[in-house]
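Residue numbers (my numbering): 1 to 256.
The beta carbon of each residue, even a glycine, is placed where N, CA and C say it ideally should be.
So the structure is just underneath, and the comments pick up after that.
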Amino acid sequence: MTGANDLSQVRDVDVIVHPGKQQLSDAIAARLLTAIADAQSQQDVVHISLTGGSLGSDLWASMAALPARSAVDWSRVELWWGDERYLPAGDQDRNDVQNDGAGLASLPLDQTRVHRVPGPDESQSAESSATAYGEAVRAADAGAFDVMILGVGPDGHIASLFPGHPAQLSTGAIAVAVHDSPKPPPDRVSLTFEALRRSREVWFIVAGSDKAKAVANGVAGAGPQVSSAAQVKGEERTLWLVDAEAAEHLESSFTG
1 MTGANDLSQV RDVDVIVHPG KQQLSDAIAA RLLTAIADAQ SQQDVVHISL
51 TGGSLGSDLW ASMAALPARS AVDWSRVELW WGDERYLPAG DQDRNDVQND
101 GAGLASLPLD QTRVHRVPGP DESQSAESSA TAYGEAVRAA DAGAFDVMIL
151 GVGPDGHIAS LFPGHPAQLS TGAIAVAVHD SPKPPPDRVS LTFEALRRSR
201 EVWFIVAGSD KAKAVANGVA GAGPQVSSAA QVKGEERTLW LVDAEAAEHL
251 ESSFTG
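Printed below as a string of structure tokens:
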């Protein structure tokens, strides 16, 4: 990928740095397209988990602009979200709505394979929503997600699992309700660490200097009180896809 700096095999993860956010978004879209096409050559259905945030949506704008997107049979792609804000369907603050608006909705997806987290218009509580979402994962017999895409917050959170938050401690479940989130809205539904780790490949996608410290902590393997990102790795590969600004503090994490 033109302009990318491959800092591979650093602390058992791969790190690839792109010059800017747009180049990063375009590169993620191209990489995802290739990953889906390769997986479809070996299996019937491909399971991809998406993320919110500006970059999580930008990649779908980049994807919609790729002529090669037709190389994928989108009707055989199962889509999930690593987390969702506990808001009604169609709310503009939901991750799925933002992804749809950026370009995801333009793809010829089988909507029965697009798994949206139930909001308060469909469930009695965030707990019941988490239970329903976990059951949907089980019913789909995902086994392992083929690609888990995760954004990383400036505080090191991934999905809706914030460093030091009680939701990090959930075990034995696929999804969990999150209350008193440090970032609004306070109520959310998130896949657990256990579910996130059940992924063949985990991609952390990060842009911006405000997240540079979080990237360094995540790559360096900081503890759960500092970095939720560092607690999750893919079964086959863990990949950090970042722009130059987000990579500002990486050098110190490589040495030390």
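| Asked | Found |
| --- | --- |
| Contained beta strand (DSSP E) runs [length at least 3] in the segment 143-203, N- to C-terminal order | 145-151, 175-178 and 188-191 |
| In DSSP terms, what leucine 241 is bridged to | Ile16 and Ile205 |
| 8 Å Cβ cutoff met for leucine 109 and tryptophan 74 | yes |
| C-alpha distance - alanine 35 paired with proline 154, whole-angstrom precision | 28 Å |
| Residue range of the unbroken alpha helix (DSSP H) whose run includes arginine 138 | 126-139 |
| Three or more C-beta pairs below 8 Å linking the segment 161-172 and the segment 112-126 | no |
| Cβ-Cβ separation, glycine 218 to valine 137 (assumed contact under 8 Å), whole Å | Wrong, their Cβ atoms sit about 24 Å apart, outside the cutoff. |
| Three-state secondary structure (DSSP) of aspartate 38 | helix |
| Cβ-Cβ distance between valine 147 and isoleucine 48 below 8 Å | yes |
| Whole-angstrom C-beta distance between alanine 195 and isoleucine 174, which should lie under 8 Å | 5 Å |
| Among Ser228, Trp203, Asp44 and Val202, the one whose alpha carbon lies nearest that of lysine 213 | Ser228 |
| Lysine 233 vs valine 202 beta-carbon contact at 8 Å | yes |
| Burial state of aspartate 141, where buried means 16 or more other Cβ atoms lie within 10 Å | exposed |
| N- and C-terminal bounds of the beta strand (DSSP E) containing leucine 107 | That residue, leucine 107, is in no beta strand (DSSP E); it is neither H nor E in DSSP. |
| Histidine 249 beta carbon less than 8 Å from that of valine 226 | no |
| Touching by the beta-carbon criterion (3+ pairs, under 8 Å), the segment 22-31 and the segment 48-63 | yes |
| Identity of the residues DSSP links to isoleucine 48 by a beta bridge | Leu79 and Val147 |
| Distance, serine 54 Cα to aspartate 243 Cα | 14 Å |
| 6 Å Cβ shell around valine 178 - same chain, five flanking residues per side excluded | Ser160, Ala167, Arg188 and Ser190 |
| Helix, strand or coil at valine 97 according to DSSP, with G and I counted as helix | helix |
| Run of the alpha helix (DSSP H) containing lysine 213, from where it starts to where it stops | 212-220 |
| Alpha-carbon spacing of phenylalanine 193 relative to valine 15, whole angstroms | 21 Å |
| Within 8 Å, strictly: CB atoms of serine 247 and valine 17 | At residue 247 the sequence reads alanine, which differs from the serine that was named. In this structure, valine 17 lies closer than 8 Å to alanine 247 by Cβ. |
| Rounded straight-line distance, which links the Cα of glutamine 92 to that of arginine 237 | 33 Å |
| CB contact below 8 Å: tryptophan 74 versus chain C | Judged by its chain identifiers, the structure shown contains no chain C, having just a single protein chain. |
| C-beta contact flag for arginine 200 and glutamate 245 at 8 Å | no |
| Close-in-space but distant-in-sequence residues of the same chain around glycine 20 (CB under 6 Å, 5 per side omitted) | Asp243 |
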